[in-house]
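Notes to accompany the following structure.
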Amino acid sequence: MNNYSSVRVGVAGATGYAGLELLRRLARHPHADLKLAMASGASEAKRLPALARIWDAPVEPLDVKRLGSETDAVFLALPDTLAAEIAPVLADRGARVFDLSGAFRLRDRALRQRWYPHTADTALPVVYGMTERRRLELARAKLVACPGCYPTAAVLALQPLIAGSPVDPGIGIEAKAGGSGGG
Numbered sequence: 128m129n130n131y132s133s134v135r136v137g138v139a140g141a142t143g144y145a146g147l148e149l150l151r152r153l154a155r156h157p158h159a160d161l162k163l164a165m166a167s168g169a170s171e172a173k174r175l176p177a178l179a180r181i182w183d184a185p186v187e188p189l190d191v192k193r194l195g196s197e198t199d200a201v202f203l204a205l206p207d208t209l210a211a212e213i214a215p216v217l218a219d220r221g222a223r224v225f226d227l228s229g230a231f232r233l234r235d236r237a238l239r240q241r242w243y244p245h246t247a248d249t250a251l252p253v254v255y256g257m258t259e260r261r262r263l264e265l266a267r268a269k270l271v272a273c274p275g276c277y278p279t280a281a282v283l284a285l286q287p288l289i290a291g292s293p294v295d296p297g298i299g300i301e302a303k304a305g306g307s308g309g310g
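So for the sequence shown, the numbering used here puts the first residue at 128; every next one is plus one.
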């Protein structure tokens, strides 16, 4: 027997690729109590046939108030502008927020504005969600910027080579993706 209790979880952006995968995994997780699945906008509530017998509740329109009051943790599989808008609100209401967009990945304000020009700054401390490098900070984080697949592969591959050394600015990474960019 373990000492883990269930965590009430919500997913915003549940109808996209990442959101569907989150629902599929969270619905089967022994310590996740999947409470809410929401679309990225105000669409009508609908069921997802692809998740029949895994998640039978409907995907509802986005409702930030409900996400903040009915969950302990929220996964945002939303466009960066929307994630940047609602993540701080949810965190202020007490939810732990895991953002899959790029809205909070870059600390440098100038770089963030270059790559994500429609995102706002937040006073909340943001932890980059690479467990292998930030385990202690992640345990306390209210807002987690989940890394993408390219930086994860690059950083983890380079880590043993540069451990304890400054990163050589001449290091270049070449990565390729399939046509959809979906994995």
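Each residue gets a CB set at the ideal place from its N, CA and C atoms; glycine is no exception.
Source: prediction; values computed, not measured.
Report all residues from its chain with a CB closer than 6 Å to the CB of residue i; omit the five preceding and five following residues, and keep chain order.
i      : result
Arg135 : Asp160, Lys162, Thr198 and Asp199
Phe202 : Val138, Leu149 and Phe225
Would residue i pass as a contact of residue j if the rule is Cβ separation under 8 Å?
i      : j      : result
Leu209 : Ser167 : yes
Tyr255 : Arg220 : no
Gly275 : Ala204 : no
Leu270 : Leu283 : no
Leu217 : Val191 : yes
Ala145 : Met165 : no
Ala302 : Ala280 : yes
Could you tell me how far apart the beta carbons of residue i and residue j are, in whole angstroms, since I believe they sit closer than 8 Å?
i      : j      : result
Thr249 : Asp207 : 13 Å between Cβ atoms; not a contact.
Leu147 : Ala169 : Incorrect: roughly 19 Å between the Cβ atoms, too far for contact.
Label residue i either buried or exposed according to how many other C-beta atoms from any shown protein chain fall within 10 Å of its C-beta, with 16 as the threshold for buried.
i      : result
Ala211 : buried
Met128 : Bear in mind that a pLDDT of 44 at Met128, under 50, signals an unreliable position, so the number given afterwards is only what the model happens to contain. Its Cβ having fewer than 16 others within 10 Å, Met128 is exposed.
Arg155 : exposed
Gly299 : exposed
Pro287 : exposed
Gly297 : exposed
Ile289 : exposed
Gly229 : buried
Tyr277 : exposed
Pro244 : exposed
Arg152 : exposed
Ala179 : exposed
Might you give, ordered along the chain, the residues of its own chain that have their beta carbon closer than 7 Å to the beta carbon of residue i, omitting 5 neighbours on each side?
i      : result
Tyr131 : His158
Arg261 : Val254 and Tyr255
Cys273 : Phe225, Asp226, Leu227 and Gly256
Glu259 : Leu283
Arg234 : none
For residue i, which residues of its own chain have a beta-carbon under 8 Å away from its beta-carbon, when the five flanking residues on both sides are left out?
i      : result
Ser196 : Arg220
If contact is defined by three or more beta carbon pairs under 8 Å, each pair taking one atom from either stretch, is the stretch 236 to 245 in contact with the stretch 168 to 181? Per the Cβ contact rule, the stretch 168 to 181 is not in contact with the stretch 236 to 245 (fewer than 3 Cβ pairs under 8 Å).
Cβ contact check for the stretch 262 to 277 and the stretch 177 to 197: 3 or more pairs under 8 Å: As far as the Cβ criterion goes, the stretch 262 to 277 does not touch the stretch 177 to 197, which means the pair count is below three.
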